[in-house]
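Written out below as structure tokens is the structure these notes cover.
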């Protein structure tokens, strides 16, 4: 189930009201109960969360709405995950907590650490298949990431760079002022570059509290383990630009035999080729809709050896070549492009309407 805690919209009603909007109307229009906003024990569908944030930015004509909302949130919104992070041995340990346990807050988000000797990249991911255009939601996530880092490293902390997966919504100078670092727009992934030495900083910890919270999180995290097909999607996204998104290489990463990988995918009602094609399709939509990336570059990002292969794929997927699609989608964004509802993704009824039954999620 693609859901997120009600605390993900903490501060939303107040901010919308201050900007001249009606939060009750906006929330009702996307199927969110006002009583669930700010409530850690309540869940809302992730698509409704996206719609609430994006529609508020439009209704109030506030292009930096997502980042403004982030300023009203912080590490406490994550509940037990935040407690475990605050009581970790080091900053790196705190980030590890988010990487391993964020699924208990929302199975639809993840934080991934790409560690290096001098710098590390903290990536923020939205895991639902074929997400709609959601620049405000990405900026909300990056803003919250900055708030957490400043909680751990001090209020004046600034990352080295911030990577934003779309064109700037306001002047680049405003991003520089907000993040206190160089922004990189239309990036292939969302996140921040930080110094490895900063992650090694020790923290004052409460060992007993840390252990108690981890024991609790360990009892529930298995409920949020992704399926094989969803796990493969993440790896395929990373491997496509290298041309190595193949069954043997992916199977090796999962430490299973290639035939075992194929059988597990068949059991989930899909195949490796179908997953790769679907990931390429999703990436094509995002890059054409949200960035000005050259088509030759896009072809390489999708693992194609020639731009002509990209053109044929777009004809097969969308009935048009890439350039006209880009123009069309800039004027009228495409609907959710998914041809089927993936396992664990919201249905049309739980995106708009009653809160899903999430009793199996803490």
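In UniProt numbering, the protein residues as written are 1 to 362. All C-beta atoms, glycine included, are put in the ideal place defined by N, C-alpha and C.
- Secondary structure at residue 51: helix, using DSSP grouped into helix, strand and coil.
- With fewer than 16 other CB atoms across the displayed protein chains lying within 10 angstroms of its CB, residue 331 is exposed.
- Inter-residue distance for residue 150 and residue 164 is about 19 Å (C-alpha atoms, whole angstroms).
- In this structure residue 244 is exposed. Its beta-carbon is surrounded by fewer than 16 other beta-carbon atoms within 10 angstroms.
- Residue 109 is bridged by DSSP to 126.
- The continuous alpha helix (DSSP H) containing residue 137 extends over residues 135 to 153.
- Around the CB of residue 97, 16 or more other CB atoms lie within 10 Å, so the residue is classed as buried.
- DSSP places residue 202 within a strand segment (E or B) once states are collapsed to three.
- The residue from 39, 265 and 31 with its alpha-carbon nearest to that of residue 50 is 31.
- Taken through DSSP and simplified to helix, strand or coil, residue 316 comes out as helix.
- C-alpha of residue 56 to C-alpha of residue 248: approximately 45 Å in a straight line.
- Your pair residue 325 and residue 302 does not check out as a contact, with CB atoms roughly 14 Å apart and the cut at 8 Å.
- The C-alpha of residue 54 lies about 17 Å from the C-alpha of residue 73.
- When DSSP states are grouped into helix, strand and coil, residue 40 belongs to the coil group.
- Contact between the segment 179 to 190 and the segment 306 to 313 is not established, with fewer than three Cβ pairs separated by less than 8 Å.
- Three or more Cβ pairs closer than 8 Å define a contact, and the segment 279 to 286 falls short of that threshold against the segment 247 to 264.
- Taken through DSSP and simplified to helix, strand or coil, residue 163 comes out as strand.
- Residue pairing from DSSP places residue 191 in a beta bridge opposite 123 and 163.
- Residue 27 and residue 37 do touch by the CB rule: their CB atoms are close to 7 Å apart, below 8 Å.
- In terms of Cβ geometry, residue 23 and residue 29 do not form a close pair [threshold 8 Å].
- Residue 7 carries a helical assignment under DSSP once its states are collapsed to helix, strand and coil.
- For residue 183, there is no enclosing alpha helix (DSSP H); the enclosing beta strand (DSSP E) covers residues 182 to 184.
- Nearest neighbour of residue 11 by Cα position, chosen from 4, 42 and 71, turns out to be 71.
- DSSP places residue 89 outside any alpha helix (DSSP H), giving it a letter other than H or E.
- For residue 232, the enclosing alpha helix (DSSP H) covers residues 228 to 239.
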